[in-house]
Amino acid sequence: MKPKVHEYIQEKIGKGEKLHFTLIDPDRVSGDLEKTAEHLVEAGTDAFLIGGSLAVTPEEAGETAKILRETGKPVIVFPGNINCLTPLADAVLYMILMNSNDPYYLIGAQVSAAPIIKKYGLETLPTAYIVVYGDTAVAHVGRIQPLPTNKPGVLLAYALAAEMLGLKYIYLEAGSGSKHPVPLTYPRIVKEKTGLTVIVGGGIRSPFIARNLVEAGADIIVTGTIVEEDPDRAKNIIRAVKSYHVNT
Ligand code: 1GP
Numbered sequence: 144m145k146p147k148v149h150e151y152i153q154e155k156i157g158k159g160e161k162l163h164f165t166l167i168d169p170d171r172v173s174g175d176l177e178k179t180a181e182h183l184v185e186a187g188t189d190a191f192l193i194g195g196s197l198a199v200t201p202e203e204a205g206e207t208a209k210i211l212r213e214t215g216k217p218v219i220v221f222p223g224n225i226n227c228l229t230p231l232a233d234a235v236l237y238m239i240l241m242n243s244n245d246p247y248y249l250i251g252a253q254v255s256a257a258p259i260i261k262k263y264g265l266e267t268l269p270t271a272y273i274v275v276y277g278d279t280a281v282a283h284v285g286r287i288q289p290l291p292t293n294k295p296g297v298l299l300a301y302a303l304a305a306e307m308l309g310l311k312y313i314y315l316e317a318g319s320g321s322k323h324p325v326p327l328t329y330p331r332i333v334k335e336k337t338g339l340t341v342i343v344g345g346g347i348r349s350p351f352i353a354r355n356l357v358e359a360g361a362d363i364i365v366t367g368t369i370v371e372e373d374p375d376r377a378k379n380i381i382r383a384v385k386s387y388h389v390n391t
């Protein structure tokens with residue numbers, strides 16, 4: 144299968160663009176998703192991620208993917224667990240939660256998911272997922288060991304390991320609704336020292352923060368909560384990301 148979504152992302156990055164992904168939680172969809180998605184696409188969002196909650200049913204994931212596909216943008220499953228998988232998406236972030244202490248999130252979920260992903264024909268984007276802070280839902284569920292925020296060298300060791308394992312993406316996660324985004328030193332050091340595509344998400348609530356993160360080296364910014372809380376602000380964040388161009 145041709146890796147269409149990977150090519151779509153890499154082509155944009157190759158042209159010096161920064162990308163924005165909108166995260167939609169199928170369990171928390173309210174109002175007119177079709178209209179919201181249209182507005183976000185008009186503002187410039189490049190793709191939709193679906194997933195992220197404890198209570199997503201495969202049916203909800205499918206219905207959400209179907210609506211989002213109408214926008215013409217790629218729909219990528221960002222699985223909290225295998226219940227988020229749906230054949231109606233284009234791709235899946237095939238993730239290793241690298242700083243988890245639980246073998247399930249290191250290899251168990253991936254093995255359970257692989258035959259289903261194969262059957263669905265989903266493209267896989269091999270991703271190292273790193274959850275930075277301990278005080279978030281994803282940290283609790285994923286049994287993570289938080290990272291020291293003043294020691295970017297520790298994060299770099301994870302990033303180098305990810306690259307040596309052949310993964311292509313790294314997702315630096317503060318946690319949905321986190322009070323703070325990840326430290327700027329994180330995307331900076333990974334961008335400087337590896338060839339990984341850097342995704343950053345969690346707690347990004349202003350255009351200023353988003354801009355700082357792309358300046359520091361993030362290739363892709365993810366926002367979720369802000370779309371539910373303040374759609375206009377979400378659009379401003381998207382515009383801030385999309386108006387940045389490498390070497391400008
Ligand atoms: C969560 O990184 C995403 O997995 C998005 O976080 O909901 O805080 O935008 P927010």
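Those letters in the sequence shown? Residues 144 to 391, per the numbering used here, in order. We put the beta carbon where it would ideally sit given N, CA and C, even for glycine.
Near the ligand 1GP: residue 197 beta-carbon under 7 Å from a heavy atom
False, no ligand heavy atom lies under 7 Å from that Cβ.
Determine contact between the region 198–216 and the region 235–242, defined as no fewer than three beta-carbon pairs at a distance below 8 Å.
Contact between the region 198–216 and the region 235–242 is absent: fewer than three C-beta pairs spanning the two stretches fall below 8 Å.
Kindly list the residues whose CB is nearer than 6 Å to the CB of residue 222, restricted to its own chain and excluding five residues on each side of it in sequence; keep chain order.
Same-chain partners within the cutoff: 194.
Spatial neighbours of residue 276 in its chain, beta-carbon cut-off 7 Å, leaving aside the 5 residues before and after:
These residues qualify, in order along the chain: 282, 289, 317, 318 and 321.
Within the chosen definition, does the region 346–356 reach the region 305–312 through at least 3 CB pairs nearer than 8 Å?
The way I'd put it, the region 346–356 doesn't touch the region 305–312; fewer than three beta-carbon pairs between them come closer than 8 Å.
Tell me which residue opens and which closes the alpha helix (DSSP H) that residue 307 is part of.
In the DSSP assignment, residue 307 falls within the unbroken alpha helix (DSSP H) covering 295–307.
Rounded to whole angstroms, what is the Cα-Cα separation between residue 298 and residue 168?
Answer to the nearest angstrom: the Cα atoms are 28 Å apart.
Contact test: residue 290 Cβ vs the ligand 1GP heavy atom, cutoff 7 Å
Taking non-hydrogen atoms of the ligand 1GP into account, the C-beta of residue 290 is found less than 7 Å away from none of them.
Quick check: does the Cβ of residue 320 come within less than 7 Å of any heavy atom belonging to the ligand 1GP?
Residue side-chain check: residue 320 places its Cβ nearer than 7 Å to a non-hydrogen atom of the ligand 1GP.
Per DSSP, which one or two residues make a beta bridge with residue 164?
According to DSSP, which records beta bridges pairwise, residue 164 is partnered with 190 and 365.
Assign residue 157 to one of three DSSP states: helix, strand, or coil.
Judged by DSSP in its simplified three-state form, residue 157 adopts helix.
Would you kindly work out how many angstroms separate the C-alpha atoms of residue 163 and residue 199, rounded to a whole number?
Distance from the CA atom of residue 163 to the CA atom of residue 199, rounded to whole angstroms, is 23 Å.
Best match in 189, 181 and 176 for proximity to residue 386 [C-alpha to C-alpha]
Of the listed residues, the one whose Cα sits closest to residue 386 is 189.
Do you know how far the Cα of residue 252 is from the Cα of residue 213?
Their backbone Cα atoms lie some 29 Å apart in a straight line.
So what does residue 388 bridge to, in DSSP terms?
In DSSP, residue 388 forms a bridge with 160.
Helix, strand or coil for residue 339? Go by DSSP, reduced to three states.
In this structure, DSSP gives residue 339 a state outside helix and strand, which the three-state scheme calls coil.
Within its chain, find whatever has a CB closer than 6 Å to the CB of residue 292; leave out the 5 residues flanking it on each side and keep chain order.
Within its own chain, the residues whose Cβ lies closer than 6 Å to the Cβ of residue 292, once the five positions on either side in sequence are excluded, are 326, listed in chain order.
Less than 8 Å separating the beta-carbons of residue 148 and residue 217?
A contact, by the Cβ cut-off of 8 Å.
What residues match up with residue 270 in a beta bridge as DSSP calls it?
Note: residue 270 is bridge-paired with 238 and 312 in the DSSP secondary-structure output.
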